[in-house]
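K.L.:
Residue numbers (our numbering): 145 to 341.
Think of the CB as a built atom: it goes at the ideal place given N, C-alpha and C, for glycine as much as any other residue.
1. Using only alpha-carbon positions, find the residue among 190, 338 and 279 that is nearest to residue 248.
2. Contact between the region 268 to 284 and the region 211 to 218 is defined here as three or more beta-carbon pairs at a separation below 8 Å; is this criterion met?
3. Specify, as a first and last residue, the run of the alpha helix (DSSP H) that residue 297 falls within.
4. Enumerate, from N- to C-terminal direction, the unbroken beta strand (DSSP E) stretches of 3 or more residues contained entirely within the region 236 to 292.
5. To the nearest whole angstrom, what separates the beta carbons of residue 259 and residue 312, a pair I think is in contact under 8 Å?
6. Please classify residue 222: does DSSP put it in a helix, a strand, or coil?
7. Is residue 154 helix, strand or coil by DSSP?
8. What does the alpha-carbon distance come out to for the pair residue 180 and residue 206?
9. What's the gap between the Cα of residue 239 and the Cα of residue 212?
10. What are the boundary residues of the alpha helix (DSSP H) that includes residue 327?
11. Go to residue 315, then tell me how far its beta strand (DSSP E) extends in each direction, as first and last residue.
12. Ignore the nearest five residues each way along the sequence and tell me which others in residue 275's own chain have a CB closer than 8 Å to its CB.
13. I'd like the span of the alpha helix (DSSP H) that includes residue 188, first residue to last.
14. Which class does residue 310 belong to by DSSP, given the choice of helix, strand or coil?
15. Going by CA-CA distance only, name the one from 252, 273, 331 and 287 that's closest to residue 209.
16. With respect to the alpha helix (DSSP H) encompassing residue 174, which residues constitute its N-terminal and C-terminal limits?
17. Return the Cβ separation of residue 182 and residue 189 in integer angstroms, given the expectation that the two are a contact with Cβ distance under 8 Å.
18. Three or more C-beta pairs under 8 Å: does that hold for the region 156 to 174 against the region 326 to 333?
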């Protein structure tokens with residue numbers, strides 16, 4: 145199976161781009177969504193997160209994401225430890241999922257694709273970019289958050305320049321219509337590269 149990694153900084157619009165690939169019939173795996181599912185379903189992950197963050201990690205069996213977010217984005221060590229618990233299990237889940245797909249290629253959307261070394265397993269990589277101020281504006285509208293929290297998350301992610309160095313494709317996600325055109329162009333190019341058109 146050909147794996148295409150889709151990444152980009154927080155607020156760049158990865159999910160918007162992922163939905164556009166889905167509309168073209170490409171199976172899409174959203175790693176953040178699956179990670180949250182596994183944090184709720186997996187007894188092993190739950191136990192390890194409680195060991196790491198204490199009893200407040202779950203309230204009434206539901207992940208206390210605001211409590212955990214406060215800790216990990218103020219302390220990089222906790223972020224790395226949490227990633228070491230969750231990411232390997234998400235990677236295994238993705239492998240099983242991709243084997244069930246019947247398509248020329250699949251998209252794996254991961255916010256921290258490079259940061260966690262996931263790019264190594266990808267055949268091609270697409271990085272979604274947008275100006276920093278626009279990304280901050282989008283996030284303030286979308287999430288119950290602050291500029292400080294957003295900047296703290298951005299600090300833990302590679303810059304666009306670093307990501308682009310290792311990417312075969314870049315989508316500048318500022319205008320929706322232009323983004324759609326870029327997605328169609330990339331889709332056709334990938335199909336050509338893998339000999340499907």
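P.N.:
Let's see:
1. Along the chain shown, one-based indexing puts residue 248 at 104. Per the Cα distances, 338.
2. no
3. Start at 1 with the first residue of the chain shown, and residue 297 comes out as number 153. Looking at the DSSP string, the run of the alpha helix (DSSP H) that includes residue 297 is 291 to 299.
4. Runs of the beta strand (DSSP E) lying entirely within the region 236 to 292, each at least 3 residues long, are 249 to 253 and 268 to 273 in chain order.
5. Locating residue 259 in the chain shown gives position 115, where the first residue counts as 1. Locating residue 312 in the chain shown gives position 168, where the first residue counts as 1. Actually they do not touch by this definition, with Cβ atoms about 19 Å apart.
6. In the chain shown, counting from the first residue as 1, residue 222 sits at position 78. Reduced to three states, the DSSP call for residue 222 is helix.
7. Here residue 154 refers to the residue found at position 10 when the chain shown is read from its first residue. Here residue 154 sits in coil by DSSP.
8. In the chain shown, counting from the first residue as 1, residue 180 sits at position 36. In the chain shown, counting from the first residue as 1, residue 206 sits at position 62. Whole-angstrom Cα-Cα distance: 10 Å.
9. Within the chain shown, the letter at position 95 stands for residue 239. Within the chain shown, the letter at position 68 stands for residue 212. Looking at the two C-alpha atoms, the distance is approximately 27 Å.
10. Position 183 of the chain shown holds residue 327. 320 to 337 is the extent of the alpha helix (DSSP H) around residue 327.
11. For the purposes of this step, residue 315 is taken as the residue at position 171 of the chain shown. For residue 315, the enclosing beta strand (DSSP E) begins and ends at 313 to 316.
12. The residue given as residue 275 occupies position 131 in the chain shown. Within the same chain, residue 275 has close Cβ partners 318.
13. In the chain shown, counting from the first residue as 1, residue 188 sits at position 44. Element bounds for residue 188: 187 to 197.
14. Position 166 of the chain shown, counted from the start, is the residue given in the question as residue 310. Residue state, collapsed to three classes: coil.
15. Start at 1 with the first residue of the chain shown, and residue 209 comes out as number 65. Comparing Cα positions, the closest option is 287.
16. Counting from one through the chain shown, the residue named residue 174 turns up at place 30. Element bounds for residue 174: not the alpha helix (DSSP H) but the beta strand (DSSP E), 172 to 174.
17. Your numbering for residue 182 matches position 38 in the chain shown. Your numbering for residue 189 matches position 45 in the chain shown. Sure, about 6 Å apart at Cβ, within 8 Å.
18. Yes: the two stretches touch, three or more of their Cβ pairs being nearer than 8 Å.
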